[in-house]
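Residue numbers (the working numbering), protein chains in the order written: chain L, 1 to 491; chain C, 1 to 491. Don't be surprised by glycine CBs; every beta carbon is placed ideally from N, CA and C. Source: prediction; values computed, not measured.
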């Protein structure tokens, strides 16, 4: 158990984030630069995200498969923009054997075992998958090809932060191939919507969805779409991306199919991914100065029961707690009883609060006498006494309310911290002093985008799908602009 | 769909194995030497194995976590026997950046981005995990620590074979830490039993369980236990291992705890793993000259419905098939309807047979008229007509029978191909001409073991748990021997 004191958000948000992760025992830095250890509580959250998302990926017709961890350098080289985008952050396997260093000095890399074509640890799997896809696809009958992979990914990051940016991370990556661009575009939107659904309705994080600017797009894609969430400190977090790859990769990897009309064509591709980064977003959306707060639909444990006993009535109180556990488990509510003897009740309350468990049930002598249980909500510390016969219903109701309330709070924040600005001065003022999303006209010229980023650190996040065509002036250069884009400081 | 013709087992067993994998679309070689692509049907089998095993791992109190893909060379060096055992098969990351080669030649490894302490792609995770465990464990309260990880593993193999031996493979690895050796020993046996349970009762593969010889044990373990299955060609397959690590690693990695008695002690550790290799065993246990055969409890699809229609009654027949599908799905039977128009019924039968789906249901005009369905068992091609109102029950019965029958067949083979031999001549004769397991006295001297292996290629598989202490003579050297060990040629 962690005795970590948690820094207040108002004192130091960055430190608070790290403290919550430590206190909730979600993850920690490993001895490998930039790589984290995902601890059981953190990993169980990831498993729940996987479960929800995997079902939706399968329900939309995709099949899971597994492709190699390594991409030969020569293969990575095939799509020029793609390799350029990842070259600076690749871990490279150059040798395949160690040998005894002699003199009891352990092992060294064996220079004799050098690879001709070095292997890149996948920074994403377009190259390695599409090399194979080119052999799988011959005819329109082989399309659409709808593949998903759950995998570990390595991108050599110079500055890392637990969950948000780590050298190794876990994700799913969908890769699909279609006969027409119209169909592949539909796929791109469909999967972005699946992400929006999971992130909003399970993780309780409201998002903006839309198109990324060219500069912020995936290397090799013709267009990238994303969902963008707002953290409590007013920074945006890109939470899932879906790429329209056009026929860039099918040309580079020579993927072809005989269409119904007999013509040989290059098919159209998409890829889309969601990673362990979202756990960083989850933490920063809901948690408070007491620690982690988890939405009921994604928490590994929804209810913790703390039997409050003395030595003489331990058996009776724990017995009652176990009965309640059984009742709740009948309704598929994941519940734990904390009956450790060597911890005080106070430190148990504290620990489960830090871990973000939505509902605490206290059962002591008084509760047993009155045939009641005390429910405590993690998000507002409200206590309610309920009779044990209504326990299951009351717990369910409370869980539902917490789920809703977390979403509503975050939604309210998202909306109240989205500002419309008229000119660049106001833009700079909001970014500097308020944070949040800023809606502003942009001419879509990359130079303006780059200068705004240089001067304010704010980047274009998305052109929201619901943005209306208007007639305005770019806040930076004053030239004609059709749309208001969303800008923000971002993780 | 694969049009692969499958070589007969009697002609060439090795080729048959590869043909089945190709015809059933389970996996294929990738462009990365020794790494495979696990195709959707193969991956779905792995997912089902994961589902069953993961539940049992959790039900026995273990928690999943995730540790880095990379092990620093200096960390790997800490346990001498361990690093020695894996040194020859390590993929090593030496650089972390590519750079433009100039002249449009793509990218090359940037020599400036060289790592001081090279990173080994994990060939197993003892070293990287135990480095961390040493910081997690201080007191008896932190024990037992029961961790499991689902991960990809890389061992640079010179000769690879799909599923059985690949450079990258998938597995779970359990790693536990206990206060006493007695407790860690119990864990070792408990988890070997979980493997036996999963392999026998779900994959329908009967096994021998027992202790490995010193030479065949895991590098760094004080004892290794395994389950051993028998393939149709008379070769053994090690199908899951559980290691008693003693306190070797806790000493090497400086893991210590304050015990209840106040003393600082090194704890006792175990590790245990089961990998995608088992899919090779699954294929070679049950499949036949027509292709893959899958046990109902592990197949991704238990039932395939083939509507047999002409253009004029397509709608009616497919409608009926869909009705049956719904009925079966209500009872959680995974079922697919193959209503493709561009494939003949014959090639559909063929395809699903190759893919090993246990039950085929044929529905055509005749079946509709008589309100019946025709069930066909994958394992004996027997056809039965059942009235649609009893369809679900009949399908369930058939699935149960297939599961039992597959296990019984394999069990019968295991038993009838386990031979007791009296002397070395007989030993050599059985290994050469019959295959299977050979039970023989062995003095437990490593030289005898090595010479027997040199001369016959047979290795010690296990000393079975139920072996009785006897008084005999080593079949090789004639010296005193207490136990009959199991020998076999092995994958």
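- Scanning its chain for C-beta atoms nearer than 7 Å, with the 5 sequence neighbours on each side dropped, one finds around residue 108 (chain C) the residues 98, 99, 101, in chain order.
- When Cβ-Cβ separations below 8 Å define contact, residue 121 (chain L) makes contact with chain C.
- Look at the beta carbons and you see the stretch 338-348 of chain L not touching the stretch 285-298 of chain L: under three pairs across the two are nearer than 8 Å.
- The straight-line gap separating the alpha-carbon atoms of residue 21 (chain L) and residue 406 (chain C) is approximately 49 Å.
- Only residues of its own chain outside the window of five on either side were considered, and among them 190, 194 have a CB closer than 7 Å to the CB of residue 60 (chain C), listed in chain order.
- Residue 117 (chain C): member of the beta strand (DSSP E) spanning 114-121, first to last residue.
- The beta carbon of residue 313 (chain L) sits closer than 7 Å to the beta carbons of 365 from its chain, once the five residues preceding and following it are set aside; these are given in chain order.
- Any Cβ of chain C closer than 8 Å to the Cβ of residue 272 (chain L) would place that residue at the interface, and such an atom is absent.
- For the pair residue 446 (chain L) and residue 218 (chain L), the Cα-to-Cα distance works out to about 16 Å.
- Distance from the CA of residue 409 (chain C) to the CA of residue 230 (chain C), rounded to the nearest whole angstrom, comes to 12 Å.
- Within its own chain, the residues whose Cβ lies closer than 6 Å to the Cβ of residue 220 (chain C), once the five positions on either side in sequence are excluded, are 79, 81, 82, 248, listed in chain order.
- Rounded to the nearest angstrom, the gap between the Cα atoms of residue 225 (chain C) and residue 251 (chain C) is 22 Å.
- Between residue 373 (chain C) and residue 359 (chain C), the C-beta spacing is not below 8 Å.
- In the structure shown, residue 64 (chain C) adopts extended strand secondary structure according to DSSP, grouped into three states.
- Here the stretch 345-363 of chain C lies against the stretch 297-308 of chain C, with 3 or more beta-carbon pairs under 8 Å apart.
- Going by DSSP, residue 281 (chain C) is part of the alpha helix (DSSP H) stretching over 277-286.
- Of the other Cβ atoms in all chains shown, fewer than 16 fall within 10 Å of the Cβ of residue 433 (chain L); this residue is therefore exposed.
- A Cβ-Cβ contact shorter than 8 Å links residue 23 (chain C) with residue 4 (chain C).
- At a cut-off of 8 Å between beta-carbon atoms, residue 178 (chain C) makes no contact with chain L.
- Below the 9 Å Cβ cutoff, chain C contributes no neighbours of residue 22 (chain L), its closest Cβ being approximately 12 Å away.
- Among the bridge pairs identified by DSSP, residue 36 (chain C) is matched with C:29.
- Distances from the alpha-carbon of residue 482 (chain L) to those of L:19, L:89, L:439, L:47 put L:439 closest.
- In summary, the residues of the stretch 152-171 of chain L whose CB is separated from some CB of chain C by less than 8 Å are 152, 154, 156, 168, 170, in the order they occur in the chain.
- Fewer than three beta-carbon pairs drawn from the stretch 266-274 of chain L and the stretch 158-167 of chain L are found closer than 8 Å, and the two stretches are therefore not classed as touching.
- Within the stretch 58-71 of chain C, the residues whose Cβ lies closer than 7 Å to any Cβ of chain L are, in chain order, 63, 64, 65, 66, 67, 68, 69, 70.
- For residue 383 (chain C), the enclosing beta strand (DSSP E) covers residues 383-387.
- The beta carbon of residue 325 (chain L) sits no closer than 8 Å to any beta carbon of chain C.
- Using a 10 angstroms sphere on the CB of residue 10 (chain C), the tally of other CB atoms stays under 16, which defines it as exposed.
- Contact annotation: residue 486 (chain C) and residue 228 (chain C) have beta-carbon atoms nearer than 8 Å.
- In this model, residue 277 (chain L) and residue 393 (chain C) are separated by some 46 Å (Cα to Cα).
- With respect to the 8 Å criterion, residue 65 (chain L) and residue 147 (chain L) are classified as neighbours on the basis of their beta carbons.
- A check of alpha carbon separations from residue 331 (chain C) across C:399, C:353, C:466 identifies C:399 as the nearest.
- Residue 403 (chain C) is a Cβ neighbour of residue 295 (chain C), given a cutoff of 8 Å.
- Taken in chain order, the members of the stretch 72-94 of chain L whose beta-carbon sits within less than 9 Å of a beta-carbon on chain C are 72, 73, 74, 75, 76, 77, 78, 80, 83, 84, 86, 87, 88, 89, 90, 91, 92, 93, 94.
- Here residue 253 (chain C) is buried, its C-beta having at least 16 other C-beta atoms within 10 Å.
- Counting only runs of 3 or more residues that sit fully inside the stretch 408-440 of chain L, the beta strand (DSSP E) segments are 418-420, in chain order.
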